[in-house]
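These notes concern the structure reproduced below.
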Amino acid sequence: IGGTGWRAATANLKFEIRNLKYGATSSNYIEGILMLVKDLESSGAESKLEKVAGCIAGKFNEDRSKLVFSPNLPDWVDKPIKTDLERELGCEVILENDAAAEALGEAVYGAGVGYKKFIYFTAGTGIGGSLIQMTDDNLPAGRQGWQIADLEPGWTIKIGDKFLEEVAGGKALGDITKVDWVTEAKNLAFGINELIKLHKPEITILGGSLFKSIDMNYLESIVNGKIILSKLGQEAGLYGCMELLRQSQG
Numbered sequence: 062i063g064g065t066g067w068r069a070a071t072a073n074l075k076f077e078i079r080n081l082k083y084g085a086t087s088s089n090y091i092e093g094i095l096m097l098v099k100d101l102e103s104s105g106a107e108s109k110l111e112k113v114a115g116c117i118a119g120k121f122n123e124d125r126s127k128l129v130f131s132p133n134l135p136d137w138v139d140k141p142i143k144t145d146l147e148r149e150l151g152c153e154v155i156l157e158n159d160a161a162a163e164a165l166g167e168a169v170y171g172a173g174v175g176y177k178k179f180i181y182f183t184a185g186t187g188i189g190g191s192l193i194q195m196t197d198d199n200l201p202a203g204r205q206g207w208q209i210a211d212l213e214p215g216w217t218i219k220i221g222d223k224f225l226e227e228v229a230g231g232k233a234l235g236d237i238t239k240v241d242w243v244t245e246a247k248n249l250a251f252g253i254n255e256l257i258k259l260h261k262p263e264i265t266i267l268g269g270s271l272f273k274s275i276d277m278n279y280l281e282s283i284v285n286g287k288i289i290l291s292k293l294g295q296e297a298g299l300y301g302c303m304e305l306l307r308q309s310q311g
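Here it is in C-alpha cells:
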C-alpha cells in the first residue's frame, strides 16, 4: 500500500504470485481498509485465505501493528491496522514498512541476489529506503537471514532547510510534465550519496516510479557508488511479502 496506489496478489503453496490486482489508495482509513479487504477476499476467492502479509508506506510501531508516521497517509496513522485486518479477514496478518518489504523482495528474488550488503532506495509519491545485510542472527519472521534497517531518507536527509521528500518526492513535484529532471536527479543523487557515505554498501538498488523518467547514465555519473535499477519493479513489495509468508511457515 503506497501513498497513491496499492497492489495485491495471492501466493500458492509453491510461493508463486497469482491473481495480481491493483488500485488507488484511499486517504481515508476506514474506506481504504474496507476496499482492501474486499479485494483481498476476491483475490483468494478459489480458497480461504490462511495468512496475509502486507507492506505500507510509513513507519510502524515496534510490533508492527500500526503506523506511527506516514506523511502521505496521515489518516492511517495510529489506527489498529493489524487488528482490523485480522478481524475482517479472519486470519493472521503480518505487516512491514513498504521499503523494507521491497528490499527483502529484491534480496531474495531480484537485483540484490548475490550481494551481502546493499541499500534499497525508492522514489515515488514519497522517498524511502532500507539497508539490508545478510546475517545468521535469530531474527523475527520476515527478517530471518537478513538484517533490515529502515533508513527513512525522505525524512532524515535535508537539502537546505527542507527534507528530501519535501523537495524530491513525487507529491512535492506536482505536475510530472513540468518537472526539471536534471534537478530531480541531482536531488536524489544527493540523498543516495549521503546514504552511501554513511553505510558503504556494495550496491544501491533503485526502485519507484520517478526513476523511470531520470537519465540513468547521468545519475550514474553523479552518484558515488554502484547503482542498478530494481529487477522486480512495482512487484518488489509483493515478492517481499511473499518472503514474509514463506519465512513465517518455518
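Here this note's numbering runs 61 ahead of the position in the sequence shown, where the first position is 1.
The C-beta atom is built at its ideal place from N, Cα and C for all residues, glycine as well.
1) Are L192 and H260 close, meaning C-beta to C-beta below 7 Å?
2) Is it buried or exposed for F76, if we count other Cβ within 10 angstroms and need 16 for buried?
3) Determine, using beta carbons only, whether L256 and A114 come nearer to each other than 7 Å.
4) Can you check DSSP and say which residues form a bridge with D145?
5) Alpha carbon to alpha carbon, what distance is there between I266 and Q295?
6) Under the assumption that S328 contacts A184 (Cβ atoms under 8 Å), give the Cβ distance between them as a whole number of angstroms.
7) So, helix, strand or coil for G66, using DSSP?
8) Strictly under 7 Å for the Cβ-Cβ distance: is I220 near chain B by that measure?
9) State the DSSP-derived secondary structure class of F251, mapped to helix, strand or coil.
10) Closer than 8 Å is the cut-off here; do at least three beta carbon pairs connect the region 88–100 with the region 216–228?
11) Spatial neighbours of A202 within its chain, please: CB distance less than 6 Å, with the 5 preceding and 5 following residues excluded, ordered by chain position.
12) Where do the N-terminal and C-terminal ends of the beta strand (DSSP E) with E157 fall, by residue?
13) Go ahead and label D145 buried or exposed: buried means 16 or more other beta carbons lie within 10 angstroms of its beta carbon, across all protein chains shown.
14) Under 8 Å, with one C-beta from each stretch per pair, do the region 138–154 and the region 264–282 reach the 3-pair mark?
Concretely, from the data shown:
1) yes
2) exposed
3) no
4) Its beta-bridge partners do not exist; DSSP assigns none.
5) 13 Å
6) For the chain, the structure presents residues 62 to 311; residue 328 sits outside this window and is missing.
7) strand
8) Among the chains in the structure shown there is no chain B, since it carries only a single protein chain.
9) helix
10) no
11) Confidence is the limiting factor: at A202 the pLDDT is only 46, short of 50, which leaves the residue's position unreliable, though a coordinate-based value still follows. Q308 and S309.
12) E153 to N158
13) buried
14) no
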